[in-house]
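Residue numbers (my numbering), protein chains in the order written: chain E, 78 to 873; chain S, 81 to 292. What follows is a set of notes on a single structure, which appears directly below.
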Ligand SMILES: Nc1nc2c(ncn2[C@@H]2O[C@H](COP(=O)(O)OP(=O)(O)O)[C@@H](O)[C@H]2O)c(=O)[nH]1
Ligand SMILES: [Mg+2]
């Protein structure tokens with residue numbers, strides 16, 4: 078930091094006499110006073126003044142004063158007021174936000190706070206200094222220290238997290254502050270902990286270990302749960318940080334019975350007038366996020382299932398369902414509750430059953446599931462709500478043959494009660510609606526009733542639809558093929574192709590039914606052969622190819638014209654194997670595919686982005702290579718000759734792949750090496766960069782101070798430079814000489830003092846000697862010259 | 081679910097001595113020959129009974145590598161018990177015990193109960209550290225000692241439960257300040273009414289009682 082100061086000095090020169098001192102001058106003098114003054118009051122006053130200037134002159138105070146302020150934290154530790162000023166000044170310098178005072182000043186770089194932070198943390202000891210100050214009970218010191226740490230974390234989250242993690246008791250110290258009885262400190266600590274725990278699993282675990290969940294629930298309950306203020310929200314945000322992607326902490330949360338403690342959060346108000354304040358919406362929203370984090374499909378199956386069981390058994394699921402059916406719930410809370418209920422039951426039979434049994438308070442009472450599906454196929458409902466219902470319904474069907482069966486059951490002719498509205502009817506209505514989103518949602522919902530469930534695939538074949546009065550009913554599958562051929566909308570076509578793929582895979586009767594439907598095969602062949610160039614067209618071509626391959630692979634030769642072999646020949650002749658594989662591979666290349674494959678829940682922003690479903694991706698991934706293989710196997714009946722031939726084929730394939738593998742391994746090794754080199758280069762570049770940044774900050778500071786100085790009267794620049802060099806050389810010489818002088822003076826003083834001491838000692842010895850002589854004489858002993866020496870020897 | 085006491089444990093020792101396997105054997109009663117290297121710290125829990133009282137054990141299994149040492153240190157202060165583990169087939173893990181012990185003593189509260197464990201006792205043929213040596217080390221440093229096998233489950237229950245017994249006795253003797261959670265001990269919801277643990281535990285009891 079010293080180079081900064083000396084750098085500034087050469088630019089500043091001495092202040093011109095009779096001129097108003099600039100901000101930079103004042104800062105410089107203040108910093109000097111903090112440095113040199115031996116009086117505590119003086120240093121304190123200077124720190125107070127620096128604090129006052131640190132907003133408007135943050136560059137100057139930071140560039141000149143940072144080192145001094147750091148020292149002050151160490152040396153004036155005993156004076157809380159000074160420490161408080163120091164901390165506040167540092168906090169201003171490194172503040173991540175721009176001050177009003179500096180809005181007009183173009184010399185202040187945007188990320189100045191970050192740059193100073195980087196300089197500050199270069200010495201890890203500085204963080205330790207601030208951490209140590211957290212132990213100080215004094216309000217101002219503790220408060221400012223917490224704020225400073227928050228700023229530092231905001232600017233350089235990862236770096237500070239790593240530094241704090243290796244400081245003994247670093248995290249624990251901050252946790253202790255949550256118990257501070259002064260609410261202001263407690264609240265400020267919450268903000269600090271939110272920053273501290275963001276994305277760092279190790280810190281999250283320590284914070285949880287230090288009883289964070291207990292503390293947080295105490296605060297949440299004392300503040301009145303969801304009716305509490307922003308503090309409740311802060312507590313919940315911190316909990317969310319601790320749990321997100323942290324299975325160890327989720328486990329701890331579950332084992333510590335904290336799921337049960339969330340219950341009062343979802344108490345629906347008895348009287349409706351209580352209403353939903355914006356804060357309450359935020360609070361409940363956070364709490365729903367916590368619920369979803371516990372049972373998120375990305376967690377391990379074991380964790381999900383045990384959390385779901387607890388939620389159901391402790392009544393949390395019921396509470397959520399109550400919100401679902403309550404009136405006056407804001408739309409985004411409702412949406413998030415639907416998502417949470419979905420994930421709360423996904424794959425857990427007992428919970429799914431419970432959801433199936435929930436009745437809406439309508440007249441007549443209807444199952445909640447039916448009411449939800451009504452919203453899904455209702456164009457007037459918000460898009461995100463409709464997506465949530467689909468997701469919830471998918472979760473309700475997930476890994477549950479009973480709920481899948483009961484859905485299909487509502488469509489079968491045997492279904493007795495014609496008067497009441499059923500899930501199946503709603504979905505069929507949606508399938509044939511003019512609203513394309515309803516088509517999509519309904520197809521996908523129906524598709525989920527068939528996943529891994531061959532019995533229902535066959536049951537669904539029995540479903541008949543009355544299309545026009547008078548004409549004979551047609552099967553649902555037949556009607557789907559008709560729609561597929563008629564539809565002009567991409568989303569509807571994709572949805573139907575997904576439904577049919579799911580339906581017909583592993584189900585030869587469904588394949589037969591499809592092959593018998595007029596025009597169906599022709600349509601698929603035409604689509605696959607289509608030559609249009611557009612990523613959505615590619616997708617349609619690929620999905621048609623996929624369905625065609627399903628028709629071949631799961632074909633039981635029960636339809637005369639379309640036996641396995643004849644379809645294969647058709648494919649080879651009309652499309653060609655290579656084209657076919659190429660088209661098939663287009664499916665997984667589509668952006669919507671990779672987006673959908675990531676997570677069971679749809680992640681789309683706009684209704685127009687909706688295209689592919691997660692479960693279709695799974696189906697496709699599982700079948701793609703199987704289908705291609707079954708097509709490439711030689712067509713005629715396999716006798717031994719064929720077998721050896723295909724064996725040879727496989728062998729050569731393996732050899733090829735082996736060679737390819739080898740090649741890739743070599744490439745990998747080369748890439749790894751390259752990576753290492755790049756890493757090294759990057760490290761170099763980073764350190765160089767950081768050095769340049771420091772220099773840059775210095776130059777900026779110099780620039781801004783230089784700007785405030787009158788230009789020197791027209792002296793030739795060269796001469797000026799020469800003079801400057803001379804002056805600086807002379808100054809150096811003077812400095813050196815005065816240092817020599819100083820050292821010599823000190824040496825002299827020391828020698829003098831030694832001499833005095835010796836003289837004193839000598840005088841003392843002399844008088845003692847005389848005394849002894851006198852005593853000896855009085856005892857009548859002869860006095861010899863070497864007496865003291867003997868005394869010494871006897872002592873030794 | 082209701083418990084009389086809750087104790088926090090940590091498991092420490094060189095990497096590869098079987099800490100994670102011991103925890104898994106204790107919580108899930110199974111042995112996993114190929115276990116992932118622990119990164120940082122992992123949590124596990126189980127309920128046990130001592131003296132007719134339900135005691136909940138919360139256990140943090142730590143990573144043994146030097147790189148995680150400073151993270152591990154954050155857990156000493158709040159733990160009531162520590163299992164210090166070495167591998168009887170690897171002398172170096174026994175030699176490192178002094179370092180571990182110093183670290184633990186320096187950063188923990190003085191009442192923390194430390195149990196010394198020589199693990200992999202099933203591998204008798206590859207033994208490098210005699211049982212007597214373990215006993216001697218334990219005696220010298222005032223630790224409880226036991227040889228275990230996470231594979232056969234021999235002595236695993238005992239190791240965790242005896243540590244708990246030791247802590248429980250210290251509580252009975254009044255050595256532990258049970259109202260200070262920083263010691264790694266919590267009183268269960270049902271106990272709190274008479275004691276000084278305050279409203280928080282009571283509230284937990286109300287919520288927990290209704291649902292489990
Ligand atoms: N034979 C035997 N092997 C064990 C025993 N405990 C652990 N292991 C093995 O030792 C290795 C390291 O175990 P692990 O629990 O990951 O050690 P950690 O690093 O201390 O957590 C694994 O391969 C285990 O299978 C034991 O009691 N007997
Ligand atoms: Mg481990």
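Just so it is clear, CB atoms sit at the ideal spot from N, CA and C, and this is done for glycine as well. Values in this document were obtained by computation on a predicted structure and should not be read as measured data.
{"Item": "Does residue 442(E) get closer than 8 Å to chain S when you measure Cβ to Cβ?", "Value": "no"}
{"Item": "For ligand 1, which residues have a Cβ under 6 Å from at least one heavy atom, in chain order?", "Value": "95(S), 96(S), 97(S), 98(S), 99(S), 100(S), 101(S), 113(S), 115(S), 118(S), 144(S), 199(S), 200(S), 202(S), 203(S), 229(S), 230(S) and 231(S)"}
{"Item": "Starting from residue 219(E), follow the alpha helix (DSSP H) in both directions and report where the run begins and ends.", "Value": "216-232"}
{"Item": "Using the beta-carbon of each residue, which ones in chain S are nearer than 9 Å to residue 328(E)?", "Value": "122, 123, 124 and 125"}
{"Item": "Under 6 Å Cβ to Cβ from residue 225(S), same chain only, skipping five residues before and after it: list those, please.", "Value": "196, 214, 215 and 218"}
{"Item": "The beta strand (DSSP E) with residue 244(E) in it runs from where to where?", "Value": "Neither: residue 244(E) is in no beta strand (DSSP E) and is coded neither H nor E."}
{"Item": "Ends of the beta strand (DSSP E) at residue 161(S)?", "Value": "161-167"}
{"Item": "Please tell me whether, using a cut-off of 7 Å, the distance from the CB of residue 167(S) to the nearest non-hydrogen atom of ligand 2 is below it.", "Value": "no"}
{"Item": "CB residue 266(S) to CB residue 85(S), shorter than 8 Å?", "Value": "yes"}
{"Item": "Can you pull out the residues from the region 139-167 of chain S whose beta carbon lies closer than 7 Å to at least one beta carbon of chain E?", "Value": "140, 150, 151, 153, 154, 155, 157 and 158"}
{"Item": "Can you find a C-beta in chain S that's less than 8 Å from the C-beta of residue 407(E)?", "Value": "no"}
{"Item": "Compute the beta-carbon to beta-carbon distance between residue 485(E) and residue 426(E), rounded to the nearest angstrom, for a pair I have assumed lies under 8 Å.", "Value": "Going by Cβ atoms, the distance from residue 485(E) to residue 426(E) rounds to 18 Å, so no, they are not a contact pair."}
{"Item": "Comparing C-alpha positions only, which one of 137(S), 168(S) and 133(S) sits nearest to residue 229(S)?", "Value": "168(S)"}
{"Item": "Leaving aside the five residues before and after residue 236(E) along the sequence, list all residues of the same chain whose C-beta is less than 7 Å from its C-beta, in chain order.", "Value": "198"}
{"Item": "Cβ of residue 257(S) within 7 Å of any heavy atom in ligand 2?", "Value": "no"}
{"Item": "From residue 649(E) to residue 603(E), what distance separates their C-alpha atoms?", "Value": "14 Å"}
{"Item": "Just mark residue 813(E) as buried or exposed, buried being the case when its beta carbon has 16 or more other beta carbons within 10 Å.", "Value": "exposed"}
{"Item": "Determine the direct distance from the alpha carbon of residue 401(E) to that of residue 152(S), and round the result to whole angstroms.", "Value": "44 Å"}
{"Item": "Along chain S, in chain order, which residues have C-beta atoms closer than 7 Å to that of residue 278(E)?", "Value": "120"}
{"Item": "If we count the other Cβ atoms within 10 Å of its Cβ and call it buried at 16 or more, is residue 489(E) buried or exposed?", "Value": "exposed"}
{"Item": "Need the endpoints of the alpha helix (DSSP H) that residue 205(E) sits in, please.", "Value": "201-210"}
{"Item": "Where does residue 89(S) fall in DSSP's three states?", "Value": "strand"}
{"Item": "Within the same chain, show all residues whose beta-carbon is closer than 6 Å to that of residue 677(E), passing over the 5 residues directly before and after it, in chain order.", "Value": "374 and 691"}
{"Item": "I want to see whether chain E comes within less than 8 Å of residue 182(S), judged by CB atoms only; does it?", "Value": "no"}
{"Item": "Would you check if the distance between the CB atom of residue 145(E) and the CB atom of residue 185(E) is smaller than 8 Å?", "Value": "no"}
{"Item": "Mind pulling the chain E residues with CB within less than 9 Å of residue 187(S)?", "Value": "245 and 246"}
{"Item": "Check whether the Cβ atoms of residue 397(E) and residue 343(E) lie closer than 8 Å to each other.", "Value": "yes"}
{"Item": "Can you list, in chain order, the residues of its chain whose CB lies under 6 Å from that of residue 61(E), leaving out five sequence neighbours each side?", "Value": "This structure leaves residue 61(E) out entirely; chain E is present only between 78 and 873."}
{"Item": "Would you identify the three-state DSSP class for residue 712(E), choosing helix, strand or coil?", "Value": "Since pLDDT at residue 712(E) reaches only 47, below the 50 mark, its modelled position is unreliable, and no value is offered."}
{"Item": "Assign residue 819(E) to one of two classes, buried (16 or more other C-beta atoms within 10 Å of its C-beta) or exposed (fewer than that).", "Value": "exposed"}
{"Item": "Distance, Cα to Cα, residue 581(E) vs residue 446(E)?", "Value": "27 Å"}
{"Item": "Apply the 10 Å Cβ neighbour rule to residue 716(E) and answer buried if 16 or more other Cβ atoms are within range, or exposed otherwise.", "Value": "For residue 716(E), the pLDDT reaches just 49, beneath the cut-off of 50, and the residue's location in the model is therefore unreliable, although a value from the coordinates is still provided. Result: exposed."}
{"Item": "Any heavy atom of ligand 2 closer than 7 Å to the CB of residue 141(S)?", "Value": "yes"}
{"Item": "When the Cβ atoms of the region 694-712 of chain E are set against those of the region 660-671 of chain E, are three or more pairs found closer than 8 Å?", "Value": "yes"}
{"Item": "Under 8 Å, Cβ to Cβ, is there at least one residue of chain E near residue 249(S)?", "Value": "no"}
{"Item": "Determine, using beta carbons only, whether residue 242(E) and residue 223(E) come nearer to each other than 8 Å.", "Value": "no"}
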